[in-house]
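Written below as structure tokens is the structure these notes are about.
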Amino acid sequence: MALIEFVFILVGVCAVFFCGIRLMRMLMVLFPKFWYPLPENFFTSMGKWAVITGGSEGIGHAYALQLARHGLNVVLISRSREKLEKAARNIGRRSTGRKVKLISADFTKDNIYGHIQESLRGLDVAVLVNNVGILPSEIPCKFLETTYLEEKIHQVINCNVKTMAKMCRIVLPGMVERGRGVILNVSSGIAKVPFPLYTLYIATKVFIERFSQGLQAEYKSKRILVQTVSPFGVSTSMMGYQKEDLITFTAEAFVTSSLAYLKAGDQTYGSVRHAILGFFFQNIPKWVLTSEAFQHSFQEFVKKRVGA
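Every position in the sequence shown, counted from 1, becomes a number in this note's numbering once 1 is added.
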């Protein structure tokens, strides 16, 4: 009898402890500025420059703007020179006079990294934001239904996977040598679960998460912070500039929120609302997400959202 009572007490203690841990984690998500405070000079203590891929618009541009406001000069890397120059003018108007360096590069191509490495030579890089990414198609579809599939496979893997690894290869040695630095790799909230119709895209984002976790383990002792940021809805050109709502943030609102979680661990959703959505997605039975009915409904939902 005494043994049974002991087992029940032990189970009760474990349950209370488990619930306490879950409650603590919830509070930490709700109040990041209290749990993960950043000193005012955090970014400038890491160096003088931020390098942002896909920095001409959307989430990348929002990161550039926020990091400039925190005192860093910024390097914007993107394909369109016209969009880069427009972004530079916007940062100049809205920040505190930080320097802006522009590098034109098409990340779907192969032979671009020598030029990027030479352009970044000698810069004291504090933050690298690997943000650039593309979808195989605007409207989600089955893998074999992707238009120009062979070309899209090459482009998506080059842009979403190879770019991140190569940019880390270029920037990380300097961070290791100086013993400081931050690398932010932008993934996606839906990479947490199997998600048909975005199969190729999600696979690249899973690579980002695993690569980032390994990189953090390897270089944490060098005082380098590597974090994956996994948003759900953000109103960008990739998402057809969907209207802001409970789930969908403007790029600036999302980036402002995500920077508050910089010390929250090697992975973050970047906001309370997206963290709740992530919990919901991870607890949906797998058969629901992989069913034909869900795929059809989701495809129609996206079409309506982007006005297709």
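From the three backbone atoms N, C-alpha and C, an ideal C-beta is built for every residue, glycine too.
**OP:** Could you tell me which residues DSSP pairs with Q228 in its beta bridges?
**Re:** L185
Original post:
Is the CB-CB distance between I294 and S231 below 8 angstroms?
Top reply: In the sequence under discussion, the amino acid at residue 294 is Ala, which differs from the Ile named in the question. Their beta carbons are not under 8 angstroms apart, which means A294 does not touch S231 by this criterion.
Original post:
Can you list, in chain order, the residues of its chain whose CB lies under 8 angstroms from that of T148, leaving out five sequence neighbours each side?
Top reply: S138
Original post:
Do T249 and S258 have their C-beta atoms closer together than 8 angstroms?
Top reply: no
Original post:
So what does DSSP say about N74, is it helix, strand or coil?
Top reply: strand
Original post:
Does the beta-carbon distance from I60 to V256 come in below 8 angstroms?
Top reply: yes
Original post:
At which residues does the beta strand (DSSP E) containing L150 begin and terminate?
Top reply: Where L150 is concerned, there is no enclosing beta strand (DSSP E), although the alpha helix (DSSP H) it sits in stretches over L150 to I158.
Original post:
Among all the DSSP beta bridges, which residues are the ones paired with W50?
Top reply: N74 and V126
Original post:
Does DSSP put N91 in a helix, a strand or coil?
Top reply: helix
Original post:
If I154 sits next to L201, beta carbons under 8 angstroms apart, how far is it from one beta carbon to the other, in whole angstroms?
Top reply: 7 angstroms
Subject >> Bridge partners - K102, DSSP secondary structure assignment >> reply: V76
**OP:** Assign Q268 to one of three DSSP states: helix, strand, or coil.
**Re:** strand
Subject >> Beta bridge counterpart(s) of V235 as assigned by DSSP >> reply: F250
Original post:
DSSP puts N131 in a beta bridge; with which residues?
Top reply: N186
**OP:** Tell me whether the beta-carbon of G72 lies closer than 8 angstroms to the beta-carbon of F108.
**Re:** no
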